[in-house]
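A.B. asks: Letter 33 of the sequence shown, counting from 1, is numbered 247 in the working numbering, and no numbers are missing.
Glycine residues also receive a C-beta, built at the ideal position from the N, C-alpha and C atoms.
I have a structure I would like to understand better, so I am pasting it below and will then ask my questions one at a time.
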Amino acid sequence: MGLTHTHLLIFLLIVCASVFRDGVSATGVSSSSCTSTPRSPRRITVGGSARWTFGFNYSTWAFNRNPFYVNDTLVFNYEPPSEKNIHPHSVYLLPDLESFVNCNLTNGVKIANETQGTGKGFRFVLKKWKPYYFSCGASDGYHCRFGGMKFFVLPLRRRNY
C-alpha cells in the first residue's frame with residue numbers, strides 16, 4: 215500500500231498542530247511557547263509511566279507530549295525476554311512516513327535490541343531538526359501494526375540554545 219494524499223494531509227495536520235498547539239494571540243505570537251521553551255535538553259520517558267509496552271497508543275502520547283526539542287533525550291524502558299515475556303520489544307528507527315504508516319521495517323534500523331530497555335533504559339538523542347519515526351520491531355512489525363507501538367516526533371529548535 216503506497217502513501218496516499220490522505221496520509222500526507224494527516225501528517226501535515228499533526229505537524230502543524232504540534233507546532234501551533236499553544237495558540238496564537240492577536241499579535242500573531244504564540245501565547246505560551248515563547249516563554250515556555252525549556253532552556254536545556256530534557257530526558258523524556260517514552261510512554262510515561264506506561265513505558266514501552268504493547269497496547270499503548272504512542273502516537274497519541276507523542277502528540278499530547280509535544281513539543282519535543284533538538285537535543286532532548288527519549289528513554290525507552292521495557293522488559294527483557296523471559297518466560298513471561300515471549301514477545302520482547304525492540305526499537306526501530308524508520309526512514310520515512312510511508313514506512314511508518316505501513317509499519318514496514320525493511321529499511322528501518324534496529325537501534326535498540328530486546329535487552330537494551332532494561333535498567334535505565336535505552337536512550338536516543340534527537341540530534342537534528344527532522345522527523346524521527348519510531349516503532350517496535352517485535353514479531354516482524356506486529357506490535358507496530360496492532361499494538362500501537364509507533365510514533366513520530368519532529369523536534370523543534372530551541373531558542374537561545
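If you follow the beta strand (DSSP E) that Arg337 is in, where does it begin and where does it stop?
C.D. replies: Note, Arg337: beta strand (DSSP E), 336-339.
A.B. asks: Following the continuous alpha helix (DSSP H) through Val315, name the residue where it begins and the one where it ends.
C.D. replies: Taken as a continuous stretch (DSSP letters only), the alpha helix (DSSP H) holding Val315 covers 311-316.
A.B. asks: Which runs of the beta strand (DSSP E), 3 residues or longer, sit entirely within the segment 346-371?
C.D. replies: For the segment 346-371, whole beta strand (DSSP E) runs of length 3 or above, ordered along the chain, are 346-349, 364-367.
A.B. asks: Who are the Cβ neighbours of Gln330 in its own chain at under 7 Å, not counting the five residues just before and after it?
C.D. replies: Cβ within range, chain order: Phe336.
A.B. asks: DSSP state of Arg279, grouped into three classes?
C.D. replies: Reduced to three states, the DSSP call for Arg279 is helix.
A.B. asks: So, helix, strand or coil for Tyr272, using DSSP?
C.D. replies: Here Tyr272 sits in helix by DSSP.
A.B. asks: Whole angstroms are fine: how far does the CA of Phe365 sit from the CA of Gly261?
C.D. replies: Approximately 10 Å between the Cα atoms of the pair.
A.B. asks: Name the DSSP beta bridge partners of Leu308, please?
C.D. replies: In the DSSP output, where bridge partners are listed per residue, Leu308 has Tyr347.
A.B. asks: With DSSP collapsed to three states, give me the class of Ser246.
C.D. replies: Because Ser246 carries a pLDDT of 40, less than 50, the predicted location of this residue cannot be relied on, and the following value inherits that uncertainty. Looking at Ser246 - three-state DSSP - the assignment turns out to be coil, as it is neither helix nor strand.
A.B. asks: Are the CB atoms of Leu319 and Gly355 within a distance shorter than 7 Å?
C.D. replies: Result yes, Cβ atoms of Gly355 and Leu319 sit closer than 7 Å.
A.B. asks: Run through DSSP, which three-state label would Thr329 get?
C.D. replies: Coil, per DSSP.
A.B. asks: Taking Cβ positions, are Ile258 and Asp286 nearer each other than 7 Å?
C.D. replies: Result yes, Cβ atoms of Ile258 and Asp286 sit closer than 7 Å.
A.B. asks: Nearest to Arg265 by CA position, among Ser296, Ser254, Val305, is which residue?
C.D. replies: Of the listed residues, the one whose Cα sits closest to Arg265 is Val305.
A.B. asks: For His303, collect the residues of the same chain with a Cβ closer than 6 Å to its Cβ; drop the 5 residues on either side in sequence, then sort them by chain order.
C.D. replies: Closer than 6 Å at the Cβ level, and outside the excluded window around His303, lie Trp266, Tyr292, Cys350, Ala352.
A.B. asks: Considering only their Cβ atoms, is the gap separating Phe268 from Pro369 smaller than 7 Å?
C.D. replies: It is not a contact, given that the beta carbons lie outside the stated cut-off.
A.B. asks: To the nearest angstrom, how far is it from the Cα of Gly361 to the Cα of Val339?
C.D. replies: Near 24 Å, if we compare the C-alpha coordinates of Val339 and Gly361.
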